[in-house]
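According to the numbering used here, the first sequence holds residues 13 to 596 in order.
Beta carbons: idealized from backbone N, C-alpha and C, even for Gly.
One structure is given below, encoded as structure tokens.
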Amino acid sequence: MPQPLHELPQEDRVYRMRHSAAHIMAEAVLELFPGAKFAIGPPIEHGFYYDFELSRPLTPEDLGAIDERMRATIAADHPFVHREVDKEEARRLFADQPFKLELIDGIEVDQMSLYEHGEFTDLCEGPHVERTGQVGAFKLASVAGAYWRGDEHKPMLQRIYGLLFEKKKELKAHLAMMEEAEKRDHRRLGRELELFTTHELIGAGLPLWLPKGATVRRLLEEFITELERQAGYSHVYTPHIAKKDLYELSGHWDHFKDDMFPVMELEHEEMVLRPMNCPHHILIYASKLRSYRDLPIRLAEMGTMYRNERSGVVGGLSRVRAMTLNDAHIFCTPEQVKAEFSNVMRLVEEAYDTLGITEYSYQLSLRDPANTEKYAPDDAMWEMAEPMLREAMTELDLPFTEAIGEAAFYGPKLDIQLRDTMGREETFSTVQIDFHLPNQFDISYIGEDGAEHRPVIIHRGVISTMERMMAYLIEHYAGAFPLWLAPVQAIVIPIADRHIEYAQKVIDDLQAAGLRVELDDRGERMQAKIRDAQLQKIPYMLIVGDREQEADAVAVRQRDGANLGALPLFQVIDRLKDEVTTKC
RNA sequence: GCCGGCGUAGCUCAGUCUGGUAGAGCAGUCGAUUCGUAAUCGACAGGUCAAGGGUUCGAUUCCCUUCGCUGGCUCCA
């Protein structure tokens, strides 16, 4: 006897509701589009989807009609009935459903599990709710294209996404949360706060950093560069282009060509924009004879590179075609790999801690053994590098998941994943163990024994690309950067024109103390100036009127609305400088 | 790259379905106001309706192409 729905844990109940709603939606689509072919429809985070092949594209208006049919099914409160048939029977039942037939052929056992409600039957493992009336609160969200079985060489189907929660209140809360998330979308705040912009004439994925955004970026770069300097890195500069031959040697041309901009023909050579910085750094390593005493050598650079991302994926700052990576390559002996790896992880933790990044996950990105042509062909290398990373993570006692097929072409990676406000996951930090490129470039060091040895390269990016980190931080702080990162740290607001002279003196003192300040000397009322400063998310508003002028003071209002009242100017300067130093 | 959706002033959006060359708020400029913790008042200015082509007596509106933005899919820092 199955357990009644209400006795199940909440997680299981919602899972069943989402799964069942997908069936109900498929039924509605089949009714409205006779002859529709349906593929798969699983529950997902926050809801469900179902993929269909239809005679015409779905419009947002179709969603209304589908929604209505679904509600009728829910009101009818049909029971979900489970039964099992053999393959032959299943093939007969789904004779006009090619996707289902393909699924049936792919199942090992002969027992086919079916779920029915009303007139609708689906090939499905379950489990489901008991009756259609139990599916909870849902809303059809969007239509999208999706490849059959996630393979871009297979036909593209139409996917309908739905949101579903057990209670209406939860659905409403989720919708409100999404609305809030939209307000912190870095593309929107980037425009409102004048951080970056784009222009058609420059091109997709090629953002322009405005003065305020550039200030934040420069501070980030200075921050990480200083951390690296303390951690024993040497910073270098290298050009953004090189001969194509360089990338033929490295293997990029073979494995990464599709992501590179087309070749530029010069008189006698072919040049390319670099898609990665490693070859340049390797040639710096190779520029002189190295001794084991020199290792590890840690070469770092804000490395700007160019990738010909497919047009459908670029957008905002998080996916661009010109990007600057907080890059470094550590050349070390095999014995030093683990220690260097844990040093990098410590650096990541320290950087994240200061930037206020607390939610992230570790992903061990491995090659896909079933698809080895995507990767450097040296099996022995992979068999050595992958366990090395796994062991290092275990020794550091850090939890991680493993992702098959996510490795770089030259080696496995440890990726650190963050989620944006809309819940999309992206790689930020990455640490890669590379035994491949040292061979390609035939680099070496002289060991204690006087013989040549092959170094290992650790590729690592700590705070990702400036673009992606900026996108993350804008959303993370909702544009309200902590004082040390704020492009404008304080704005001085004179109440009337007769206070401008004193306000200018306040500005001078603040600037002399190294603070980034602005003067609002517009002929507006103080309230309007406060409102504008508030919308610009400036951390401190320093208001000066007769009383402050008299006392060599400023009235301090914080971005969160707190009014600290009049304080002596020198005291405010100390307070701000202190807050900048502690980066909190 | 693929499947949808969208592109009207710097920004947010009316108007497009039912073709007759555009309107608001905010921002901007100018003037008045000189004000005590989230929007002072008034005037002015601002648009080859993304670009190109087609249909039409006539296209912002209908059709096609390109570009850009956007939600997904695939791919990735």
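{"query": "Can you tell me which of Asp197, Thr71 and Ala48 puts its alpha carbon nearest to the alpha carbon of glycine 435?", "result": "Asp197"}
{"query": "So, at 7 Å on beta carbons, what are the nonlocal neighbours of isoleucine 519 in its own chain, with the 5 sequence-adjacent residues on each side left out?", "result": "Val504, Val529 and Leu531"}
{"query": "Determine which residues share a DSSP beta bridge with asparagine 575 and list them.", "result": "Arg569"}
{"query": "Of the residues Asp74, Asp454 and Thr439, which one's Cα is nearest the Cα of serine 299?", "result": "Asp454"}
{"query": "Taking only the alpha-carbon atoms, compute the straight-line gap between glutamate 238 and serine 246 and give it to the nearest angstrom.", "result": "11 Å"}
{"query": "Hey, arginine 171 and aspartate 74 are a contact pair by Cβ (cut 8 Å); roughly how many whole angstroms apart?", "result": "About 13 Å; that fails the 8 Å criterion."}
{"query": "If you follow the beta strand (DSSP E) that aspartate 427 is in, where does it begin and where does it stop?", "result": "425 to 431"}
{"query": "Regarding phenylalanine 447 and the ligand FMN, is the C-beta to nearest heavy atom distance less than 7 Å?", "result": "The ligand FMN is not part of this structure, which contains no ligands at all."}
{"query": "Starting from valine 1, trace the beta strand (DSSP E) both ways and give me its first and last residue.", "result": "The requested residue 1 is not part of the displayed model; the chain covers only 13 to 596."}
{"query": "Considering only the beta carbon of each residue, do glycine 174 and tyrosine 61 sit closer than 8 Å?", "result": "yes"}
{"query": "Can you list, in chain order, the stretches of the alpha helix (DSSP H) that have 4 or more residues and sit fully within the region 247 to 283?", "result": "256 to 262 and 264 to 268"}
{"query": "Looking at the structure shown, is glycine 162 part of a helix, part of a strand, or coil, going by DSSP?", "result": "helix"}
{"query": "Taking the straight line between their C-alpha atoms, what separation do you get for proline 16 and tyrosine 484?", "result": "43 Å"}
{"query": "State yes or no: is the C-beta of phenylalanine 92 within less than 8 Å of the C-beta of histidine 129?", "result": "yes"}
{"query": "Determine the closest residue to glycine 526 out of Ala502, Tyr259 and Glu277, with distance taken between C-alpha atoms.", "result": "Ala502"}
{"query": "CB-CB under 6 Å to glycine 202, same chain, minus the five flanking residues each way: which ones, in chain order?", "result": "Phe208"}
{"query": "From what residue to what residue does the beta strand (DSSP E) around isoleucine 503 run?", "result": "502 to 506"}
{"query": "Tyrosine 387: buried (16+ other C-beta within 10 angstroms of its C-beta) or exposed?", "result": "buried"}
{"query": "Could you check where the alpha helix (DSSP H) with tyrosine 489 kicks off and where it finishes?", "result": "That residue, tyrosine 489, is in no alpha helix (DSSP H); it is neither H nor E in DSSP."}
{"query": "With a threshold of 16 other CB atoms inside 10 Å of the CB of alanine 87, please say whether the residue is buried or exposed.", "result": "exposed"}
{"query": "Under the assumption that isoleucine 236 contacts alanine 363 (Cβ atoms under 8 Å), give the Cβ distance between them as a whole number of angstroms.", "result": "6 Å"}
{"query": "Just the C-alpha distance for methionine 13 and histidine 94, rounded to the nearest angstrom, thanks.", "result": "Low confidence applies here, because methionine 13 scores a pLDDT of 48, under 50, leaving its location unreliable and the question unanswered by this model."}
{"query": "In this structure, does DSSP put glutamate 313 in helix, strand or coil?", "result": "strand"}
{"query": "Tell me where the beta strand (DSSP E) around aspartate 586 begins and ends.", "result": "Unbroken run through aspartate 586 is the alpha helix (DSSP H), 581 to 594; no beta strand (DSSP E)."}
{"query": "Reducing DSSP to helix, strand and coil, say where methionine 434 ends up.", "result": "coil"}
{"query": "So, are the CB atoms of serine 125 and cysteine 136 less than 8 Å apart?", "result": "yes"}
{"query": "When the distance is taken between beta carbons, is valine 474 closer than 8 Å to valine 360?", "result": "yes"}
{"query": "Just to confirm the assignment, what range does the alpha helix (DSSP H) spanning isoleucine 86 have?", "result": "72 to 88"}
{"query": "For alanine 545, which option in Pro506, Thr594, Gln583 and Asp108 has the closest C-alpha, if you only look at C-alpha atoms?", "result": "Pro506"}
{"query": "Would you report the Cα separation of lysine 425 and glycine 162, rounded to the nearest angstrom?", "result": "23 Å"}
{"query": "Suppose the cutoff is 7 Å on Cβ atoms and the five residues either side in sequence are ignored; what does the same chain contact list for cysteine 596 look like?", "result": "Pro494"}
{"query": "Using CA atoms only, rank isn't needed, just tell me which of Pro381, Gln109 and Ile428 is closest to isoleucine 52.", "result": "Gln109"}
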